[in-house]
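Worksheet: the structure to be examined is printed underneath.
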Amino acid sequence: MTTVSDHQNTSDSASAPATPNAELTHEEIFGAHEGGKLAIAPTAPLTSPRDLSIAYTPGVAKVSRAINADQTLTSRYTWTSGLVAVVSDGTAVLGLGDIGPRASLPVMEGKAALFKNFAGLDSIPLVLDTTDNDEIVETLVRLRPSFGAVNLEDVAAPRCFDLERRLVEALDCPVMHDDQHGTAVVTLAALRNACRLSGRDFGSLRVVISGAGAAGVACAEILEAAGVGEVVVADSRGVIHSGRDNLTPIKAELAERTNPRHVTGGLPEALRGADVLIGVSAGTIPEELVETMADDAVVFALSNPDPEIHPEVAARHASVVATGRSDFPNQINNVLAFPGIFKGALHAGSRMISDRMKVAAAEAIAAVASEELAADYIVPSPLDPRVAPEVADAVAEAARKDGVATA
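Quick note: the sequence shown, position 236, residue 236 per full-length UniProt numbering, numbers continuous.
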């Protein structure tokens, strides 16, 4: 059996109406969602008594006996080797916040449709009516025989950090919270190409991240793993540093790993002379702060729907500007990352998604755009058919180098 999308490009920012600048209407939005966006379709013929005997009883009993004798055959004779569970508790859905599991289901269906459309992967939305991490972990451990990987989606910070960590430990399959790592992977890809374009040395970059939620923490982690010279993170209370009081465990850990110059204060202090600003918060950043950055700075204002600073304003002081929106150049869109990451991890039979695999995904995304680099083209379009296969190949190879692949 396989999941298929009835309306394959209707969710997330990867979709576009027939006339790109036309306003979406109530009728077309609700019409596309009526009855849901997913269905189940068989991959084996079921048109004759012989077909039924092969696909179901008595033939299927032979397959079940074989799997009972050798559990590793599950991946060969069921759909689990290409099946992703898209899991959410509905606590941080898009810009809507905590709207609960039922209201989050259309988003999870959309995510499943993107997996099918861009990576050919089947996926099942699982929205859970609990916000207890113990219960979520227990539920997914018990359901583990039914899927091959877990895509965590729209789980609120800071709970999401602990939940992902515990699931990675508990499950012998790829697990990734896309709100963290999908954004981080595409951000790294875009920054690689922005540096190539401007001639900057990646290892000497001074990067400021505004926002210490799921995406901000993941961006800091992947930039460090990729060798960025200096990362400073600021939240709503100012710069995160080891001398600050009342830090959460995640932020305390971040303080130990980042901010090597021990910058204190707020964004005005952090941004002075900085090469790169990455905005992943709901706040606004005044033009006068961007003006204090280094010449030909790089600004990624990724908050949706309203960027931290309007891209046209940022462009007065920055040589490269990116946003999270599809109506401006250089869209940092997670759909560039997660389909290929999961496809590569599943293809390699990986037991996890490592830092090396995420960095490899970013390098593959950057490479697709590298031959046509321009200030308004540092990442490929989410609809570019080259992206997912390139990412999948790079991720699978990285899994083998990390020793986490089994295929």
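For glycine and all other residues, C-beta sits at the position ideal for the given N, C-alpha and C. Please read these numbers as outputs of a predicted model, since none were measured by experiment.
Does the Cβ of residue i have 16 or more other Cβ atoms within 10 Å, making it buried, or fewer, making it exposed?
i	result
His-26	exposed
Ser-64	exposed
Ala-14	Note on Ala-14: pLDDT 39, under 50, position unreliable in the model; no value is reported.
Ile-309	buried
Asn-246	exposed
Thr-3	Residue placement at Thr-3 is poorly supported in this model, since its pLDDT is 47, which falls under 50; the coordinates still yield a value, given next. By the 10 Å Cβ count, Thr-3 comes out buried.
Lys-401	exposed
Leu-94	exposed
Leu-346	buried
His-262	exposed
Ser-354	buried
Thr-47	exposed
Leu-223	buried
Ala-398	buried
Glu-138	exposed
Arg-325	buried
Leu-254	buried
Thr-10	Its pLDDT being 31, under 50, Thr-10 is placed unreliably by the model, and the measurement read from it follows with that caveat. With 16 or more other Cβ atoms within 10 Å, it is buried.
Val-141	exposed
Pro-45	exposed
Within the 8 Å Cβ cut-off, does residue i reach chain D?
i	result
Ala-362	Absent from the structure: chain D. Only one protein chain is present.
Hey, how far is the Cα of residue i from the Cα of residue j?
i	j	result
Trp-79	Ile-124	11 Å
Gly-403	Pro-49	46 Å
Asn-304	Ile-278	13 Å
Gly-148	Ala-270	42 Å
Gly-340	Ala-112	13 Å
Gly-59	Ser-53	5 Å
His-7	Thr-131	Unreliable positioning characterises His-7 in this predicted model, as indicated by a pLDDT of 34, which lies under 50. The coordinate reading is nonetheless provided below. Each residue's alpha carbon lies about 30 Å from the other.
Pro-17	Met-108	Any reading at Pro-17 needs caution, since the residue's pLDDT is 37, under 50, leaving its predicted position unreliable; the model's value is listed next. Using only the alpha carbons, I get a separation of about 20 Å.
Asp-327	Gly-110	20 Å
Asn-68	Ala-39	29 Å
Asp-98	Phe-30	21 Å
Pro-260	Ser-242	10 Å
Gly-120	Gly-229	37 Å
Lys-116	Ala-252	39 Å
Asp-393	Ala-348	9 Å
Gly-238	Glu-288	17 Å
Leu-350	Ala-396	In the sequence as presented, Leu is not what sits at residue 350; that position holds Ser. Between Ser-350 and Ala-396, the C-alpha separation is close to 8 Å.
Ala-337	Tyr-56	37 Å
Pro-311	Thr-323	7 Å
Arg-200	Val-208	16 Å
Glu-221	Ala-61	48 Å
Thr-258	Val-233	8 Å
Gly-36	Gly-100	18 Å
Val-231	Glu-23	39 Å
Asn-333	Glu-371	20 Å
Asp-306	Ile-285	11 Å
Thr-248	Arg-159	11 Å
Glu-363	Leu-96	32 Å
Can you name the residues that DSSP bridges to residue i?
i	result
Ser-88	Val-127
Arg-206	Glu-230
Val-321	Val-299
Asp-201	According to DSSP, which records beta bridges pairwise, Asp-201 is partnered with nothing at all.
Asp-235	Gly-238
Met-176	Asn-151
Gly-97	Val-93
Val-276	Val-207, Val-298
Ala-190	DSSP output for Ala-190 lists no bridge partner at all.
Gln-71	Gln-71 pairs with nothing; no bridge assigned.
Tyr-377	Ala-374
Leu-83	Asp-122
Considering only the alpha carbon of each residue, which of the options lies closest to residue i?
i	options	result
Ala-226	Lys-358, Phe-30, Thr-43	Lys-358
Val-280	Val-60, Pro-106, Asp-132, Asp-179	Asp-179
Leu-143	Ile-54, Ser-104, Met-108, Ala-170	Ala-170
Leu-267	Asp-235, Ala-215, Pro-249	Asp-235
Pro-382	Ala-44, Val-391, Asn-133	Val-391
Ala-374	Gly-59, Asp-355, Thr-131, Val-321	Val-321
Pro-106	Leu-121, Lys-116, Gly-90, Phe-118	Gly-90
Glu-135	Val-395, Pro-249, Pro-307, Arg-166	Arg-166
residue 408	Ala-22, Asn-68, Thr-72	A query on residue 408 cannot be resolved here, the shown segment of the chain reaching from 1 to 407 and no further.
Val-379	Ala-119, Ala-361, Leu-289	Ala-361
Pro-174	Gly-82, Thr-258, Lys-251, Ile-250	Gly-82
Ile-250	Asp-51, Gly-344, Asp-162, Ala-61	Asp-162
Ala-103	Phe-115, Lys-62, His-33	His-33
Gly-265	Ile-240, Ala-66, Ala-157	Ile-240
Lys-343	Ser-204, Phe-118, Thr-248, Ile-209	Phe-118
Gly-273	Ser-204, Thr-292, Asp-172	Thr-292
Leu-302	Asn-330, Ala-294, Ser-319, Gly-199	Asn-330
Tyr-377	Val-276, Ser-319, Ala-157, Ile-285	Ser-319
Quick one: is the Cβ of residue i within less than 7 Å of any heavy atom of the ligand FAD?
i	result
Ala-103	As far as ligands go, the structure on display features none, and thus does not contain the ligand FAD.
**Request:** Assess, as a yes-or-no matter, whether the region 310–320 is touched by the region 182–189 under the definition of 3 or more beta carbon pairs within less than 8 Å.
**Result:** Contact fails: fewer than three Cβ-Cβ distances are below 8 Å.
**Asked** Counting pairs of Cβ atoms below 8 Å between the region 293–307 and the region 188–205, do you hit three or more?
**Response** yes
**Segment contact flag, the region 70–87 with the region 139–156, C-beta cutoff 8 Å, min 3 pairs** = Inter-segment contact for the region 70–87 and the region 139–156 is present: three or more beta-carbon pairs are separated by less than 8 Å.
**Message:** I'd like to know if the region 381–400 and the region 201–217 are in contact, where contact means that at least 3 CB-CB pairs between them fall below 8 Å.
**Reply:** Output reads no: the region 201–217 does not touch the region 381–400.
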